[in-house]
Structures are given as structure tokens and as C-alpha cells.
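> Take 1 as the starting number for the sequence shown in full-length UniProt numbering and just add one per residue. Ideal placement from N, C-alpha and C gives every residue a C-beta, glycine not left out. The structure presented is a predicted model; accordingly, all values stated were derived computationally and were not measured.
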Amino acid sequence: MESLIKSLDSLYCDSLTGYSRRKTIPVRVGDVLIGGDNPIVVQSMTTVDTMDTMGSVEQSIRMIESGCELVRITAPSIKEAENLRHIKAELRKRGYKTPLVADIHFTPNAAELAARIVEKVRINPGNYADKKKFEVIDYTDASYADELDRIRERFLPLVKICKENGTAMRIGTNHGSLSDRIMSRYGDTPLGMVESALEFLRICEDENYFDIVISMKSSNTQVMVQAYRLLVQKLNEGGFKPYPLHLGVTEAGEAEDGRIKSAVGIGTLLEDGLGDTVRVSLTEDPEFEAPVAKALIDRYSERKSHEPIPEITHYPITPFEYNKRQVAEIYNFGGHNVPRVITDISKIERITDREMKVVGHFYLPELDKWKMNDQGCDFVYSGSNPIPFMLPNGMKEIQDFAVWNLAPDQVNKFPLFKLEEYKGAKRFHSELNFLEISALEIDAAIPAIAGKKDTVLILKTANTHSMPALRRAFVSLLEAKSDVPVVVKVSYPDQSADMTMLYAATDVGGLLIDGLGDGILISLEKEAEHTRAEVLEQIKLHNTVSFGVLQAARTRMSKTEYISCPSCGRTLFDLQETTAMIRKRTDHLKGVKIGIMGCIVNGPGEMADADYGYVGSGKGKITLYKGKEVMKKSVPSEKAVDELINIIKEDGMWNEPETI
């Protein structure tokens, strides 16, 4: 893999510095065109039982009116596939022409029927012709070829029906449902995900059927991004047509976590011009998904007009696997340390100890002591408003150099320099100094910090194409063999909380996915003047978003992670209610990953990425997992959360929640 990457460099996108949508063939889905020169399409999926015709219609209408341009509906068996006819007829009767997509797992006969009714079918190559038993099979080339012949025989009827009826298809690989055959040959890897799709794609091309969209979805953002990039590179290398891509992070979760995780994965790819249709998978009602997807997409409507960024002619980063940039350890940055969170409080004059709770540190006056939660920041940036009280050991203060230079305490406070200040300074902190520069100043900064073992860079950009501009600066550091730690600084004008989550997750998360960055700072510098209470709310948001981005990029686990699916017509329990119930009982388990799946389609597979799993297996019945191992079957739903906690306790991963 290493030699392949070095010789092919960045074939997964048109440019690493100039925004450009990847040019694909257009695929028609009813009246909607995906790919080509057409706008990126927003889609979502119903959660109502497909046999509930009117419920499905009403929910589809709510989705369409919220911005959904494709409506996907599960068809797990023949009867649901047949009922798509009635749902479609009722929608058309009411004047809605939005194309419908049948979502198929395990049941080729349902797919073949649905392909005659709706405008598009989605099949999962991991379970369309295979059943997952988690078996490792030793294939010879001949026996593997026999398996491919079996798949061709199973899949070919659907291809012919789609071709005859003008029905489009999505070949949608899910990391959580790779077949035993793929796992045995390629392992649980992005390459395995890509090859799973290419096996089916070759059959389509042999039949001259090209109305295809491809996806590479995972709940692990690193795996998801790597798989999409590798897919594009393999399509180019293999002489395939440039098919459109559907982007999504599976089981992203709910609320802030779901939005941040989706943006880390989807936004990273959109930055490089990949993606032609998007679904944000939230454990919420589906009409809430389209506005989030649209907010991500709309950011690129004017992106081509960004300031030019120096081209990257050789990319010293492997884009198909995670490798952390090797940096020196300076104080508690770099080396083997997790990325640090710096929270900007510089717009609050004379902040009080009680107000520090917005950054995760709690002063208890009755005990005269401090406590910190799992999202207590590592540093606060006070700028020119120094903190008037002693801080707890778990947090340090950064001051503007002009303030620090006159401060009585120059040991426990740390200075932040601008480049000219740094070059002319006579006094530095003996252990830790911060040098804030723009990406345009990187070439001037590199010689200034050469040989320094007490300086951390804070890197920012004013370029609207911000993630690639910052990435270009990192490439300069790599080319100069500089091992200085770098904190990525981002700032945004006044905007909604959702926008801040999505933009920060894209701009910083996209770098973290590639192993770039040793910390995050969401600055207040572009914010307008607000009341003290409003600024404190912004600080609290920035602090939690910072930790959320690090967690979503898999670089610092600071809280329990919930890998929860977005619900669909297959779901066997109320996912939102159940997720909230499990979260209430377990959200103090730092770093533990719990999968909450409505059915078995992705459940067992996604459990491989979770420590524990809660999967619907029948009406009112739950199967509980530890990793991929089934621990208890057919547990009544009213007892399942208690049983899940017992499994966690027996595994030695439980601790009692503290009260602050």
C-alpha cells in the first residue's frame, strides 16, 4: 500500500488546495440528477413501518418540505416492497414527485420487485448474497472465483430489471456488514469495503448498466473517509466510470454528537470536492436531517472563489490510512499526549471562579476545592483579561505576550506571541510559549522556531477554503522536517450553534483525520459584542464542540460514545427514547463505546467497533453484545438496560457516577 500511495499521490481528488467538485457521470433518479454538473442532492430515510401507508406518506411529506430531495424507504420483504406502490401512488396523488429509493438488505426478491416500482434501489453488497456468521474462511483463488460466480448469479436478475425499467441503483457498502468472504480475504479495512462494492460494480459494467451511485459508510469517521478516498483512487486506477458518491456516516447518533460526527466525515470529503448526494444520519425524526445536510452542502456554493493556496505537488501524508504526525513533546503537547483543548475566554473581564463551569471546571466554595468533568479544558486563553484568582492544577492560563510580560506570575501563566513579537522578544517562558501565525506566515515562522523546544504553534487562516489552507501549512512543516506541535485555531462570525458544530468539525476534524493537529482552539475573535451571559454560553458551546470534534475524529475519547442508528421502518423499538434512557444511565463511562441498533442489519457488524451492543432482535426483545460476541439473547426490553449494565460491570468497565 505504501509504495502505491507514493506513486499515485493525490488521485482521490482534483486538487488538495483549489476547490473543485469531482466530475462524475450524471445518474438520473426520476426527475433528480445526481452527479455531473448538478447540485449536491439531500436525502433522508423514513422511520415509519413501511406497511403503514399513510404514516409513511405523511412522514415523507414532512421530510420533503424540510428539504429532502430523495426519500428512502426500507423494504425488508416482498410485502413491504409491494406496498411501495401504494406509498408512491398516494404521494403522486398529493402532488409530490420526489423520487423514492427502496432500501434492501438480505432479500433479492424484494429488490427485484421494488426496482419495478420506485426510481432507485439501494443494495448492500455485504448482505445481498451473503449471510454473516463471523467465520474466517481460507479461500483459494479458484474457490474465491466460484464465490464471485455465485454472487453474479444472485445479483444479475436485479441488474437486468433496473436496466429495463430505467431504475437507478446505489451500491452501498457498510463497514458494519462486510461479508465473511470479504473479511476473510481483505480484513476489516477500507480496502475490504471498496472491493466489496467493486465486485458488484464489475457485474453491472459487464451488463452495460451504469446508473449507479456508490457509498462507503462507517460509524468510524477515519475508516469512512479513507474508504471513500480509496474508492475514488481504485475507480480511476481500474478504468471504471467516475460514478457519483453518496456520503454518510452510519449510526452518527443524536443532537450535538450526531451533527459533529457527521460533519467530520462528510465535511472532510466535501472539502476535497467528493460527494454528490448526502444523508446525515441522526437518531432524531428524519425531517431534522435534511436541514443539517443542507447546511453542510451550502457552505460550498461559493467556495470556488476562495483565495488561491500554493499547490501541493507531493503529498507526504498517506490519505488511505491513519498516521499521526510525529512531533516533539513540549510541556503537555505533542509526543504521546492527546490533542489539547484551549478555550477562549478573552471577552470576559474579571471572570469569576464560579463562571469557570462553562469550561468544565467547577469550584466548590463549601469545600474550597475544584472538580473537573470529562470536558474540562486543558488551557484557557484570557488574552488581555487575566484571571484574578488561582486556577486548579488541571487547567492553565495563556495570556497575550504584552500582558504576560508585565505579569507578576510568569511561571504559571504562558505567553502568546504574534510573529513579530516572537522574533523580537527578549523574554520567553522557560517551558511553554505559544506563537500564533496565519497559514500565510508559515514559511517565515519555520526558521524562527527552528531548534526551539519550548514553542507550540497556533495556526489559523482567513481563507474561506480553510481546511485545505491549513493542511497546506502542515505540508510545509512536514517538508521542513519541523516537529513543532500545532494547535489549530478556527473562528466564525455570529452564527447558530449548529453551524459552529458543523464548521469546526469540518475545518479541524478534516485535519485530525489525517493525523494533523495537536490541539483545538475555537476563538471568539470574530464574534460581535454580546451580554456577559451570551458570551458565557458561546464559551460553553466552544468548549463542548472542541471535545466533540476530537472524539468524533477518534483522537481523544473524553466521554461515552453512542453508535446509534437513525431509525427506519425495520426498527424494533423507539430508538430516540431508548438511546436517551441508555445515555442517562451510562454517560459517565468515559471512553466506552455503546452501540444501539434498531435491528440486525448493521447491528452485529457495527458492534465490532463498539465495546457493548444493544440490538433489537424481535418485538420487545433485545440481544446484548460484548464486541461481536452475543452475551444474552431475547432479553425483554424492559429489563435490557439493566442487563446491559450488568454485562459492563462483569467486564470491569463500570464505575459509579459522581455528583458535582
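According to DSSP, simplified to helix, strand and coil, what is residue 173?
One-based indexing of the sequence shown puts residue 173 at position 173. Reduced to three states, the DSSP call for residue 173 is strand.
> Note the first and the last residue of the continuous beta strand (DSSP E) segment covering residue 400.
On the sequence shown, residue 400 is found 400 positions in, with the first residue counted as 1. Residues 396–400.
> Three-state secondary structure (DSSP) at residue 86?
Numbered from its first residue, the sequence shown carries residue 86 at position 86. Of the three classes helix, strand and coil, the one that applies to residue 86 here is helix, per DSSP.
> Quick one: using the 10 Å Cβ neighbour count with 16 as the cut-off for buried, is residue 361 buried or exposed?
Within the sequence shown, the letter at position 361 stands for residue 361. That one is buried.
> Between the beta-carbon of residue 398 and the beta-carbon of residue 435, is there less than 8 Å?
Position 398 of the sequence shown, counted from the first residue, corresponds to residue 398. Position 435 of the sequence shown, counted from the first residue, corresponds to residue 435. Going by C-beta atoms, residue 398 is not nearer than 8 Å to residue 435.
> Where does residue 102 sit, in a helix, a strand or coil, going by DSSP?
Mapped onto the sequence shown, residue 102 falls at position 102. If DSSP states are grouped into helix, strand and coil, residue 102 belongs with the strands.
> Helix, strand or coil for residue 76, going by three-state DSSP, please let me know.
Here residue 76 refers to the residue found at position 76 of the sequence shown. If DSSP states are grouped into helix, strand and coil, residue 76 belongs with coil.
> Taking the alpha carbon of residue 236 as the point to measure from, which residue in 11, 23, 85 has its own alpha carbon closest?
On the sequence shown, position 236 is the one that residue 236 refers to. Checked all of 11, 23, 85; the closest Cα to residue 236 is 11.
> Using 8 Å for Cβ pairs, my map puts residue 662 next to residue 270. What's the rounded Cβ distance?
As displayed, the chain neither begins before 1 nor continues past 660, which places residue 662 out of reach and without an answer.
> Report the start-end ranges of each alpha helix (DSSP H) in the region 422–458 that is 4 residues or longer and not cut off at the edges.
Those alpha helix (DSSP H) runs which fall completely within the region 422–458 and span 4+ residues are 442–449.
> Check residue 293 in the structure and name its three-state DSSP category.
For the purposes of this step, residue 293 is taken as the residue at position 293 of the sequence shown. Correct three-state label for residue 293: helix.
> I'd like the span of the alpha helix (DSSP H) that includes residue 503, first residue to last.
Along the sequence shown, one-based indexing puts residue 503 at 503. From DSSP, the alpha helix (DSSP H) with residue 503 extends over 497–513.
> Let me make sure I understand the geometry here. Which of 132, 376, 552 has the alpha-carbon closest to that of residue 218?
The count along the sequence shown starts at 1 and reaches residue 218 at position 218. Considering only alpha carbons, the answer is 552.
> For the alpha helix (DSSP H) that contains residue 232, what are its first and last residues?
Here residue 232 refers to the residue found at position 232 of the sequence shown. First-last of the alpha helix (DSSP H) with residue 232: 221–237.
> Let's test the definition: count the other Cβ atoms within 10 Å of the Cβ of residue 136 and tell me whether it reaches 16, buried, or not, exposed.
Translated into the one-based positions of the sequence shown, residue 136 becomes position 136. By the 10 Å Cβ count, residue 136 comes out exposed.
> On the premise that residue 167 lies in contact with residue 132, defined as a C-beta separation below 8 Å, what is that separation, rounded to the nearest angstrom?
Position 132 of the sequence shown, counted from the first residue, corresponds to residue 132. Position 167 of the sequence shown, counted from the first residue, corresponds to residue 167. Going by Cβ atoms, the distance from residue 132 to residue 167 rounds to 27 Å, so no, they are not a contact pair.
> State the Cα-Cα distance for the pair residue 241 and residue 27, rounded to the nearest angstrom.
Position 241 of the sequence shown, counted from the start, is the residue given in the question as residue 241. Position 27 of the sequence shown, counted from the start, is the residue given in the question as residue 27. Their Cα atoms are separated by approximately 12 Å.
> Output the distance between the C-alpha atoms of residue 36 and residue 62, rounded to the nearest integer angstrom.
Locating residue 36 in the sequence shown gives position 36, counting from the first residue. Locating residue 62 in the sequence shown gives position 62, counting from the first residue. So the two alpha carbons sit approximately 28 Å from each other.
> Kindly indicate which residue of 49, 249, 346, 464 has the alpha-carbon position closest to the one of residue 301.
Here the question's residue 301 lines up with position 301 in the sequence shown. When only C-alpha atoms are compared, the closest one is 464.
> Once the 5 residues before and after residue 505 are set aside, which same chain residues still bring their CB inside 7 Å of it?
Counting from one through the sequence shown, the residue named residue 505 turns up at place 505. Cβ within range, chain order: 260, 263, 264, 267, 549, 552.
> Using beta-carbon positions only, say whether residue 123 and residue 183 come within less than 8 Å of one another.
Mapped onto the sequence shown, residue 123 falls at position 123. Mapped onto the sequence shown, residue 183 falls at position 183. No, the Cβ-Cβ distance between residue 123 and residue 183 is not below 8 Å.
> Please identify the residue among 649, 276, 307 whose C-alpha is closest to the C-alpha of residue 298.
Reading the sequence shown from its first residue, position 298 is the one you call residue 298. If we check each option's Cα against that of residue 298, 276 comes out closest.
> Would you kindly check if the distance between the Cβ of residue 203 and the Cβ of residue 152 is under 8 Å?
By one-based count along the sequence shown, residue 152 stands at place 152. By one-based count along the sequence shown, residue 203 stands at place 203. Contact flag set, yes.
> Taking 8 Å as the threshold, find out whether the region 518–525 comes into contact with the region 361–376 through three or more Cβ pairs.
In short, these stretches do not touch, since the Cβ pair count stays below three.
> Below 8 Å between beta carbons: does that hold for residue 155 and residue 197?
Against the sequence shown, residue 155 aligns to sequence position 155. Against the sequence shown, residue 197 aligns to sequence position 197. For residue 155 and residue 197, no; Cβs fall outside 8 Å.
> Using DSSP bridges, identify the partner residues of residue 372.
Mapped onto the sequence shown, residue 372 falls at position 372. 361, per the DSSP bridge assignment.
> Please list the segments of the alpha helix (DSSP H) lying wholly inside the region 129–172, counting only runs of 4 or more residues, in order along the chain.
Taking only runs of at least 4 residues, the alpha helix (DSSP H) segments lying wholly in the region 129–172 are 141–165.
> What did DSSP end up calling residue 259 once you bin it into helix, strand or coil?
In the sequence shown, counting from the first residue as 1, residue 259 sits at position 259. Reduced to three states, the DSSP call for residue 259 is helix.
> Measuring CA to CA, which of 163, 247, 289 is closest to residue 207?
The residue you call residue 207 lines up with position 207 of the sequence shown. Residue 163 is the option with its Cα nearest to residue 207.
> Taking just the CA atoms, how far does residue 479 sit from residue 7?
On the sequence shown, residue 7 is found 7 positions in, with the first residue counted as 1. On the sequence shown, residue 479 is found 479 positions in, with the first residue counted as 1. Because residue 7 carries a pLDDT of 39, less than 50, the predicted location of this residue cannot be relied on, and the following value inherits that uncertainty. Roughly 17 Å separates the two Cα atoms.
> Just list the residues that DSSP pairs residue 184 with in beta bridges.
Within the sequence shown, numbered from 1, the residue matching residue 184 stands at position 184. According to DSSP, residue 184 bridges with nothing at all.
> How would you write the range of the beta strand (DSSP E) that residue 613 sits in, first residue to last?
The count along the sequence shown starts at 1 and reaches residue 613 at position 613. Where residue 613 is concerned, the enclosing beta strand (DSSP E) stretches over 612–618.
> Return the Cβ separation of residue 539 and residue 343 in integer angstroms, given the expectation that the two are a contact with Cβ distance under 8 Å.
If you number the sequence shown from 1, residue 539 lands on position 539. If you number the sequence shown from 1, residue 343 lands on position 343. Going by Cβ atoms, the distance from residue 539 to residue 343 rounds to 6 Å, so yes, they are a contact pair.
> With distances taken Cα to Cα, identify the nearest neighbour of residue 653 among 585, 589, 248, 42.
Here the question's residue 653 lines up with position 653 in the sequence shown. Measuring from the Cα of residue 653, the nearest candidate turns out to be 589.
> If contacts are defined as beta-carbon pairs under 8 Å, then residue 477 and residue 484 qualify, I think. What distance do you get, rounded to the angstrom?
As a first step, residue 477 must be located in the sequence shown, where it is residue number 477. As a first step, residue 484 must be located in the sequence shown, where it is residue number 484. That pair is a contact at about 7 Å.
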